[in-house]
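S.K.: Residue numbers (my numbering): 288 to 509.
Yeah, the Cβ is synthetic: ideal placement off N, Cα and C, and Gly gets one too.
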């Protein structure tokens with residue numbers, strides 16, 4: 288999968304196809320995929336606290352709902368950033384020693400981390416929302432797992448968008464993972480800068496804000 292063969296990338300945004308090595312596609316893709324699995328532990332912890340009666344006590348502490356959600360958000364976002372850093376380091380330092388191409392970052396480290404932060408916020412926001420709305424830990428795990436896999440499939444993580452049927456390629460624009468991988472490809476393959484990925488970053492931030500607002504509204508009614 289990580290051989291130094293060339294693959295043709297294409298997306299649902301109408302961009303021209305660009306040649307990329309499998310490393311250039313897979314390292315950003317799977318690092319983003321891993322970020323979204325933060326939804327599972329985040330929602331599970333919140334549901335455990337609800338089932339053990341800890342959740343209402345936390346809400347009575349100084350800071351209330353906003354402080355509780357904000358604290359969890361920062362902690363799990365930090366985990367996402369550490370994980371993203373490790374995957375990028377593996378792609379840059381380790382994979383070339385295994386016979387693959389080196390991951391060409393092209394001086395885009397800071398913009399890539401901005402993409403990762405936005406993706407992490409989106410994932411954590413959905414995890415918070417799921418932790419508030421789900422009725423049981425098992426239900427949260429099932430919903431999260433299915434949602435992540437579907438979003439990854441539609442977004443071009445498992446199979447590049449250019450390999451999908453033409454009727455499915457436009458669906459990549461509705462996947463948060465699709466927004467993330469598209470932003471990474473704009474930076475790494477098209478020589479883009481931060482302003483070129485503002486649509487994708489904005490979509491992730493809007494998704495995050497919507498999830499948090501719904502979670503706060505739900506908590507206010509509990």
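1. Residue 373 to residue 388, Cα distance in whole Å?
2. Would you mind giving the Cβ-Cβ distance between residue 394 and residue 314, rounded to the nearest angstrom? I have them listed as a contact below 8 Å.
3. Mapping DSSP to helix, strand and coil, what is residue 296?
4. Any idea if residue 380 is buried or exposed, counting beta-carbon neighbours within 10 angstroms, 16 or more meaning buried?
5. If you scan the region 418–502 from start to end, which runs of the alpha helix (DSSP H) of 4 or more residues do you find wholly inside it?
6. Going by C-alpha distance, which of 366, 358, 437, 449 is nearest residue 325?
7. In the DSSP assignment, find the unbroken alpha helix (DSSP H) run with residue 321 in it and report its ends.
8. Verify whether the separation of the beta carbon atoms of residue 407 and residue 461 is less than 7 Å.
9. In the structure shown, what three-state DSSP assignment does residue 508 receive?
10. For residue 405, does the count of other Cβ atoms within 10 angstroms reach 16, so buried, or fall short, so exposed?
11. Between the region 439–453 and the region 461–471, are three or more C-beta pairs nearer than 8 Å?
12. Which residues in the same chain have their Cβ closer than 7 Å to the Cβ of residue 383, if we skip the five residues on either side of it in sequence?
13. List the whole-angstrom C-beta distance separating residue 421 from residue 330, where the pair is believed to meet the contact cut-off of C-beta under 8 Å.
14. Would you mind reading off the limits of the alpha helix (DSSP H) that contains residue 377?
15. Need the endpoints of the alpha helix (DSSP H) that residue 335 sits in, please.
16. Let me confirm a value: residue 504 is counted as buried when at least 16 other C-beta atoms fall within 10 Å, else exposed. Which label applies?
17. Suppose you measure from the CA of residue 485 to the CA of residue 436; what does that come to, to the nearest Å?
18. Assuming residue 409 and residue 494 form a contact by the criterion Cβ under 8 Å, report the distance between their Cβ atoms to the nearest whole angstrom.
19. Can you tell me whether residue 409 is helix, strand or coil according to DSSP?
20. Please check if any C-beta of chain C sits within less than 7 Å of the C-beta of residue 453.
21. Taking all protein chains shown into account, decide if residue 500 is buried (16 or more other Cβ within 10 angstroms of its Cβ) or exposed.
M.R.: Taking the structure as given:
1. Here residue 373 corresponds to residue number 86 of the chain shown, with the count starting at 1. Here residue 388 corresponds to residue number 101 of the chain shown, with the count starting at 1. One C-alpha to the other measures close to 18 Å.
2. Reading the chain shown from its first residue, position 107 is the one you call residue 394. Reading the chain shown from its first residue, position 27 is the one you call residue 314. Between the beta-carbon of residue 394 and that of residue 314 there is about 16 Å, and that puts the pair past the 8 Å contact cut.
3. Stepping through the chain shown from its first residue, residue 296 is reached at position 9. For residue 296, the pLDDT reaches just 44, beneath the cut-off of 50, and the residue's location in the model is therefore unreliable, leaving the point undetermined.
4. As a position in the chain shown, residue 380 is number 93, starting the count at 1. With fewer than 16 Cβ atoms within 10 Å of its Cβ, residue 380 is classed as exposed.
5. Fully enclosed alpha helix (DSSP H) runs of no fewer than 4 residues occupy 424–442, 463–475 of the region 418–502, in order along the chain.
6. Here the question's residue 325 lines up with position 38 in the chain shown. Nearest Cα to residue 325 within the set 366, 358, 437, 449: 366.
7. Against the chain shown, residue 321 aligns to sequence position 34. That run of the alpha helix (DSSP H) goes 309–323.
8. Sequence index remark: in the chain shown, residue 407 carries index 120 (1-based). Sequence index remark: in the chain shown, residue 461 carries index 174 (1-based). It is not a contact, given that the beta carbons lie outside the stated cut-off.
9. Position 221 of the chain shown, counting from 1, holds the residue named residue 508. The three-state secondary structure of residue 508, taken from DSSP, is coil.
10. Position 118 of the chain shown holds residue 405. By the Cβ-count criterion, residue 405 is buried, with 16 or more other Cβ atoms from all chains shown falling within 10 Å of its own Cβ.
11. With the cut-off at 8 Å, the region 439–453 and the region 461–471 touch.
12. As a working mapping, residue 383 is identified with position 96 in the chain shown. Annotation for residue 383: 389 place their beta carbon closer than 7 Å to its own, counting only its chain and skipping 5 residues before and after.
13. Sequence index remark: in the chain shown, residue 421 carries index 134 (1-based). Sequence index remark: in the chain shown, residue 330 carries index 43 (1-based). The Cβ separation is near 6 Å, so the contact holds.
14. In the chain shown, counting from the first residue as 1, residue 377 sits at position 90. That residue, residue 377, is in no alpha helix (DSSP H); it is neither H nor E in DSSP.
15. Indexing the chain shown from 1 puts residue 335 at position 48. For residue 335, the enclosing alpha helix (DSSP H) covers residues 326–338.
16. Within the chain shown, numbered from 1, the residue matching residue 504 stands at position 217. With fewer than 16 Cβ atoms within 10 Å of its Cβ, residue 504 is classed as exposed.
17. Here residue 485 refers to the residue found at position 198 of the chain shown. Here residue 436 refers to the residue found at position 149 of the chain shown. Looking at the two C-alpha atoms, the distance is approximately 25 Å.
18. As a first step, residue 409 is located in the chain shown; it is residue number 122 there, counting from the start. As a first step, residue 494 is located in the chain shown; it is residue number 207 there, counting from the start. Contact holds; Cβ gap of about 5 Å.
19. Sequence index remark: in the chain shown, residue 409 carries index 122 (1-based). In the structure shown, residue 409 sits in a helix (DSSP, three-state: H, G or I).
20. In the displayed structure, chain C is absent; only one protein chain is listed.
21. By one-based count along the chain shown, residue 500 stands at place 213. By the neighbour-count rule (16 or more Cβ atoms within 10 Å), residue 500 is not buried but exposed.
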